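A.B. asks:
In the UniProt record's numbering, the protein residues as written are 1 to 350.
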């Protein structure tokens, strides 16, 4: 495996790690996989249900991942609530879906995410692919609809801000998604490319608004969705779409692709990776590939450029220790706020 330099390869802040966030195979890290990760040196890692068994196992795995690259690399997962949460009962809390959670108000959302973040941070996970800032509509595909916080921009922005603040208070970096907006998609981008013919001014007045309201957050993720009023490419591989995210939405955080292995994209994993980096993504997210494909992705992504390293440093500067709040007190405060159907009794690790 050889890695080509990424764009902006000059001297700058921090080390030029691989411009990737990579998934791993299972519950433990084998010798060959460890050697590959040491060479690939991804900026971070992503974990799925296949990587999760017990708190003790997960703490070992996250420690081993960081040991493999010799630094305190970011380890992320998808812990939204509802259908999308990789850490589940009996060891962790089963959280309500965002669309349900939002009905209890912003303070309940904030407290839930403080508690959720505590659970993540206790096992070595320090970034969460949440909040989802897409707007749910009548046309929103079922794979996404209840992962949204609401049906209007103001509600989504308010609840998304509360979720992000809760995660940050717990020492977990939030990752806003799916930029510049996935809510109008009628198909599942895991299987095919959604195509939108909506005028940009209409999107600007609705879909872009939550992302603009939270454009100060440190990490973001693209959508595999084509905006026909921009060009004929998926946003992840579109220089015009990335420019829209940077300029029209005003997001200057570290921008990763959605999973490069999803069927919304065409070409080999290496070709998809090269297209995303060329379009302006700082990092490529690769989740469920063969070892050979992971190697090809790492080679095609190259190392992080100067602008990506600057954004990465800014993101890491916001990765703090969890606040001093007592989880039991947070849980009691939460229980006083919302509908009894969501009452939780399980203790949260401190």
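For each residue, glycine too, the CB sits at the ideal point set by N, CA and C. Just so you know, these numbers come straight off a predicted model, no measurement behind them.
Can you tell me whether DSSP reads residue 336 as helix, strand or coil?
C.D. replies: Taking the chain shown and counting its residues from 1, one reaches residue 336 at position 336. Reduced to three states, the DSSP call for residue 336 is coil.
A.B. asks: Report buried or exposed for residue 45, applying the criterion of at least 16 other Cβ atoms within 10 angstroms of its Cβ.
C.D. replies: Here residue 45 is taken as the residue at index 45 of the chain shown, counted from 1. Answer is buried; the Cβ neighbour count reaches 16.
A.B. asks: Taking the alpha-carbon positions, what's the residue 328 to residue 29 distance?
C.D. replies: Indexing the chain shown from 1 puts residue 328 at position 328. Indexing the chain shown from 1 puts residue 29 at position 29. Distance between the alpha carbons of residue 328 and residue 29 is about 34 Å.
A.B. asks: Can you tell me which of the three DSSP states residue 273 falls into?
C.D. replies: Taking the first residue of the chain shown as 1, we reach residue 273 at position 273. Three-state result, residue 273: helix.
A.B. asks: Please classify residue 192: is it buried, with 16 or more other beta-carbons within 10 angstroms of its beta-carbon, or exposed?
C.D. replies: Working through the chain shown from its first residue, we reach residue 192 at position 192. By the neighbour-count rule (16 or more Cβ atoms within 10 Å), residue 192 is not buried but exposed.
A.B. asks: Does the pairing of the segment 121 to 131 with the segment 54 to 74 give three or more beta-carbon distances under 8 Å?
C.D. replies: yes
A.B. asks: How far does the alpha helix (DSSP H) with residue 204 in it extend, from its first residue to its last?
C.D. replies: Your numbering for residue 204 matches position 204 in the chain shown. Run containing residue 204: 200 to 205, per the alpha helix (DSSP H) assignment.
A.B. asks: Relative to the C-alpha of residue 186, which residue among 83, 245 and 137 is closest?
C.D. replies: Numbered from its first residue, the chain shown carries residue 186 at position 186. Residue 137 is the option with its Cα nearest to residue 186.
A.B. asks: Unbroken beta strand (DSSP E) runs of length 3 or more, entirely within the segment 163 to 198: which are they?
C.D. replies: 173 to 179
A.B. asks: Ignoring anything shorter than 3 residues or poking outside the segment 71 to 123, list the beta strand (DSSP E) runs there in chain order.
C.D. replies: 74 to 77 and 79 to 81
A.B. asks: What's the gap between the Cα of residue 318 and the Cα of residue 217?
C.D. replies: For the purposes of this step, residue 318 is identified with residue 318 of the chain shown, where counting begins at 1. For the purposes of this step, residue 217 is identified with residue 217 of the chain shown, where counting begins at 1. Approximately 9 Å between the Cα atoms of the pair.
A.B. asks: Please confirm if the segment 85 to 102 is in contact with the segment 309 to 323, defined as three or more CB-CB distances below 8 Å between the two stretches.
C.D. replies: no
A.B. asks: Taking residue 281 as the reference, give the member of 147, 170 and 301 with the closest Cα.
C.D. replies: Taking the chain shown and counting its residues from 1, one reaches residue 281 at position 281. Checking every option, the nearest Cα to that of residue 281 belongs to 301.
A.B. asks: With 16 as the cutoff for other CB atoms within 10 Å, does residue 15 come out buried or exposed?
C.D. replies: Working through the chain shown from its first residue, we reach residue 15 at position 15. It is exposed - the Cβ of residue 15 has fewer than 16 other Cβ atoms within 10 Å.
A.B. asks: Run through DSSP, which three-state label would residue 303 get?
C.D. replies: Position 303 of the chain shown, counted from the first residue, corresponds to residue 303. It is a strand residue.
A.B. asks: Evaluate contact between the segment 33 to 45 and the segment 88 to 100, counting only Cβ atoms and requiring at least three cross-stretch pairs below 8 Å.
C.D. replies: no
A.B. asks: What three-state label does DSSP hand residue 319 in the structure shown?
C.D. replies: By 1-based counting over the chain shown, the position of residue 319 is 319. Coil.
A.B. asks: Measuring alpha carbon to alpha carbon, tell me which residue in 278, 297, 107 and 245 is nearest residue 285.
C.D. replies: What you label residue 285 is simply residue 285 of the chain shown in a count that begins at 1. Distance check between residue 285 and each of 278, 297, 107 and 245 places 297 closest, using alpha-carbon atoms only.
A.B. asks: Just grab the DSSP bridge partners of residue 259 for me.
C.D. replies: Start at 1 with the first residue of the chain shown, and residue 259 comes out as number 259. In DSSP, residue 259 forms a bridge with 285.
A.B. asks: Pull the bridge partners of residue 132 from the DSSP assignment, please.
C.D. replies: Translated into positions along the chain shown, residue 132 becomes position 132. 177.
A.B. asks: I need the straight-line Cα distance from residue 160 to residue 236, nearest angstrom please.
C.D. replies: Locating residue 160 in the chain shown gives position 160, where the first residue counts as 1. Locating residue 236 in the chain shown gives position 236, where the first residue counts as 1. Near 22 Å, if we compare the C-alpha coordinates of residue 236 and residue 160.
A.B. asks: Who does residue 248 pair with in a DSSP beta bridge?
C.D. replies: Locating residue 248 in the chain shown gives position 248, counting from the first residue. None, per the DSSP bridge assignment.
A.B. asks: Whether or not the segment 252 to 272 and the segment 220 to 230 are in contact is what I'm after, with contact meaning three or more pairs of Cβ atoms, one per stretch, closer than 8 Å; do they touch?
C.D. replies: yes
A.B. asks: Report buried or exposed for residue 228, applying the criterion of at least 16 other Cβ atoms within 10 angstroms of its Cβ.
C.D. replies: Here residue 228 refers to the residue found at position 228 when the chain shown is read from its first residue. Per the 10 Å Cβ criterion, exposed.
A.B. asks: Is residue 242 helix, strand or coil by DSSP?
C.D. replies: For this step, residue 242 is matched to residue 242 along the chain shown. The answer is helix: DSSP assigns residue 242 an H, G or I state.
A.B. asks: What first and last residue would you give for the alpha helix (DSSP H) that runs through residue 62?
C.D. replies: For the purposes of this step, residue 62 is taken as the residue at position 62 of the chain shown. Segment 55 to 69, the alpha helix (DSSP H) holding residue 62.
A.B. asks: Under DSSP, the beta strand (DSSP E) around residue 22 begins and ends at which residues?
C.D. replies: Sequence index remark: in the chain shown, residue 22 carries index 22 (1-based). First-last of the beta strand (DSSP E) with residue 22: 18 to 23.
A.B. asks: With C-beta atoms as the reference, is residue 226 less than 8 Å away from residue 234?
C.D. replies: Stepping through the chain shown from its first residue, residue 226 is reached at position 226. Stepping through the chain shown from its first residue, residue 234 is reached at position 234. Yes, these two residues count as a Cβ contact at 8 Å.
A.B. asks: Could you check whether residue 212 and residue 175 sit closer than 8 Å to each other, using their CB atoms as the reference points?
C.D. replies: If you number the chain shown from 1, residue 175 lands on position 175. If you number the chain shown from 1, residue 212 lands on position 212. By the CB criterion at 8 Å, residue 175 and residue 212 fall outside the cutoff.
A.B. asks: Against chain C, with Cβ distances strictly below 8 Å, would residue 245 count as a contact?
C.D. replies: Judged by its chain identifiers, the structure shown contains no chain C, having just a single protein chain.
A.B. asks: Whose C-beta lies closer than 7 Å to the C-beta of residue 51 among residues of the same chain, with five residues either side of it excluded?
C.D. replies: Reading the chain shown from its first residue, position 51 is the one you call residue 51. If we look at residue 51 and ignore the five residues flanking it on each side, its Cβ neighbours are 24, 26, 27 and 61.
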